[in-house]
Amino acid sequence: MNGLLENLRAYAREVWLFLTSGIFLTNFLKMLALVLVLFFLTTWWLRCYTNHGESVQVNDFTGMNLSDAMKVARDKDFRFEVIDSSWFEGKPGGLIISQTPKPLSRVKEGRKIYVSITQSQPELVRLPQLDESSYDFDRYAGKLARRNIKSRISERMFDRKQAENTILYLLYNGEKVTESDIKKGYEVPMGATLEFVVTERLSNEMEVPDLVCMNYTAAEFLVTTSNLNIGEIFEDEDVTDRSTAFVYKQDPPFQADSYIQMGTQISLWLTQHAPDKCSPADGTDDGTGDENE
């Protein structure tokens, strides 16, 4: 046991003598200096290569032409990449409309800037199909608006048979576009304006009412509610009460599908007793006949 301890003490003395020797200390200091030099050189190289710890402010390039923005960005070594383009009416092509990173944010020099720009020419857009419901102008104009196409009513045509604002036909650049053209995939530039000819139900014309065989009170009511006026009144000698007298003639006369202007005067010829051609109920449409019995 004592021999083992003596051997350990002797080994420890030799190690201590080696570590404190001039040769070891000289070589150790040389190695330490080399490590420090390599560390500082590596740190300096990384700082130069990556601009470690340095940042620059991103310019606000929105609204600038892409070529002009590239000139400004050279000072900070920024690079541009276009990721999207859109057409805007009234704006020239090549304008930057958005950017990433955002303006005034801080990044390293040499950073790539992703931008969206305006197109110089609008895209072609296919017109939506005309189906039964789409013949309504307001609905079809809504579909066009979602495709960035404008709608304008250029003419209204009176039509008693079709609903108000029914599309009769449409035009682009003065040329008629048919339903067949649309089915084939008719295209117009985004932002274009289509002109429409649509129906209208309102008119300054009214259908001529049939007043013959009506008593005067009923005839007067029908005329005034039709936006017409009573003209001259010619009474036969037997008329004792105008309100219950019957119309046996009118001017203008009633004809099927005949129309007159609003405000037109209708002249009436009255007789006290219902003409032979009239049924007993003809003069009591407004309920006055019951009161006269």
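In terms of the numbering used here, the sequence shown opens at residue 15 and continues consecutively. A virtual CB, placed ideally from N, CA and C, is assigned to each residue, including glycine.
Per DSSP, residue 76 is not a residue of any beta strand (DSSP E), being assigned neither H nor E. Cβ atoms of residue 228 and residue 241 stay farther apart than 8 Å, at about 18 Å.
At a Cβ-Cβ threshold of 7 Å, residue 248 and residue 285 do not count as neighbours. The C-alpha of residue 45 lies about 32 Å from the C-alpha of residue 21. The three-state reading of DSSP puts residue 221 in strand, counting E and B together. Straight-line spacing of the CA atoms in residue 171 and residue 182 works out to 9 Å.
In summary, residue 78 is buried, with 16 or more beta-carbon neighbours lying within 10 Å of its beta-carbon over all protein chains present.
Burial is judged here by how many other beta carbons sit within 10 angstroms of a residue's own beta carbon; residue 231 has at least 16 and is buried. Here residue 171 is bridged, per DSSP, to 213. A direct Cα-to-Cα measurement between residue 69 and residue 128 gives close to 18 Å. Cβ contact annotation for residue 160 (same chain, cutoff 7 Å, sequence separation greater than five): none.
Cβ-Cβ distances below 8 Å link residue 116 to 72 in the same chain, with the five nearest sequence neighbours on each side left out; the list follows chain order.
Pairing residue 167 with residue 212 gives a Cβ-Cβ distance under 7 Å. For residue 197, the enclosing alpha helix (DSSP H) stretches over residues 193–197. In the structure shown, residue 69 falls within a coil segment according to DSSP collapsed to helix, strand and coil. Residue nearest to residue 269 within the set 290, 235, 226, 101 is 226 (criterion: CA-CA distance).
With a cut-off of 8 Å on Cβ pairs, the segment 200–212 is in contact with the segment 184–192, counting three or more such pairs.
Straight-line spacing of the CA atoms in residue 234 and residue 244 works out to 7 Å. Between residue 80 and residue 111, the C-beta gap is not smaller than 7 Å, which leaves the two residues out of contact. Comparing alpha carbon positions, the residue from 276, 164, 238, 143 closest to residue 194 is 143.
By the 16-neighbour rule on beta-carbons within 10 angstroms, residue 179 is buried. Bridge partners of residue 289 according to DSSP: none are assigned. Burial check for residue 51: the Cβ neighbour count within 10 Å stays below 16, so the residue is exposed. Closest by C-alpha distance to residue 190, out of 208, 173, 197, is 208. In the three-state scheme derived from DSSP, where H, G and I count as helix and E and B as strand, residue 144 is classed as coil. Residue 92 and residue 140 have their C-alpha atoms spaced approximately 39 Å apart. The DSSP-derived three-state label of residue 137 is coil. Just so you know, the alpha carbons of residue 47 and residue 27 end up roughly 28 Å apart.
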